[in-house]
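Be aware that the sequence shown starts at 1, since it is given in our numbering, and climbs by one per residue. Each residue gets a CB set at the ideal place from its N, CA and C atoms; glycine is no exception.
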Amino acid sequence: MEASISVRGLYKKYVDNYALNDLNLDVEPGKIFGVLGPNGSGKTTLLKIISALLERTSGSVSVRGLDPSKHKDQVKKLVGYVPEVPTMYESLSPGEFFSFVATVRNIEESLVEERINSMVRALGISDSIDSFIGSLSFGTRQKVAIIASLLHDPEIIVMDEGMNGLDPRSAKILKELMRSFAERGKTVIFSTHIMDVAESVCDTVAILYKGRIVSTGTMDKLKERSGKSSSNLEEIFLKLTGNEDLDPLIHSLKESFRS
Ligand code: ADP
């Protein structure tokens, strides 16, 4: 199947530091793709370049055949991007913010109302719809950002740590929603450091470390490659990112708190 997102030899340099280092990636439509990696491994940088929000230094990126640095507006129409830390107009209510997004996105009014109502109900934020965004908890703001990013029914959903701060009920609903998007042939790519989330929801994962993909494939493929059929994603992740044997560290940490 032709990849929906294709990345070849991607580099991103910030001053004198390469955040992405010869990165290659293919994401198929109809799949949920998880990008895993420790802090600073390049997840946000990668997702922003794919979403036409950040310029690359070199390499090629194709999003449904479009180069995000040449076709910014078209790629932004295709993509629904949920940032790790949503910045929104603090003095608007979620209801006003959704109307604003719908106008900017030029979405048909009849569709907007139905989509907003169903997502607001599903994510349990009906009571906050008229409050100032600035007064909402982190989790509620995250839900507002998720709803806003999905209003235009994007072909490609990009979530940077989208499950952070969500209560278990909302995380489950979001997982179901992502699955239903994938079943409709859309592409879902999201970053997480929560192994349970990745393991339960992703069809394919890529493990990012220091700007490179150190392993990618289905969970079964990753387990096969790691040489331990019983490995879970957390073990594979720790092994590939150089932290396999944490036991001595944990032991000495516990000892240091023993009086
Ligand atoms: P992650 O999302 O995995 O935590 P990031 O993509 O945010 O990783 O960052 C990758 C690397 O790039 C880190 O070393 C980070 O410090 C660096 N970096 C990110 N954004 C900038 C920036 N605007 N200026 C300079 N360095 C940056």
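Rounded to the nearest whole angstrom, the CA to CA distance from THR192 to LEU92 is 29 Å.
Between the segment 151-160 and the segment 124-143, the count of Cβ pairs shorter than 8 Å is below three; the stretches do not touch.
The Cβ atoms of PRO86 and ALA122 do not sit closer than 8 Å to each other.
Per DSSP, the unbroken beta strand (DSSP E) holding ASP22 starts and ends at 17-27.
With a cutoff of 7 Å, ASN39 counts as near the ligand ADP, since its C-beta is closer than that to a heavy atom of the ligand. In this structure, SER58 sits near TYR11, with a CB-CB distance shorter than 8 Å. Per DSSP, the continuous beta strand (DSSP E) segment holding MET159 begins and ends at 156-160.
The Cβ atoms of LEU208 and GLY9 do not sit closer than 8 Å to each other. Annotation for SER128: PRO94, LEU136 and THR140 place their beta carbon closer than 7 Å to its own, counting only its chain and skipping 5 residues before and after. For the pair MET163 and ILE189, the CB atoms are not nearer than the 8 Å cut-off.
Distances from the CA of LYS172 to each of GLU161, ARG184, GLU234 and SER200 were compared; the closest alpha carbon is that of SER200. DSSP, reduced to helix, strand and coil, places LEU166 outside both helices and strands of the structure shown, so it counts as coil.
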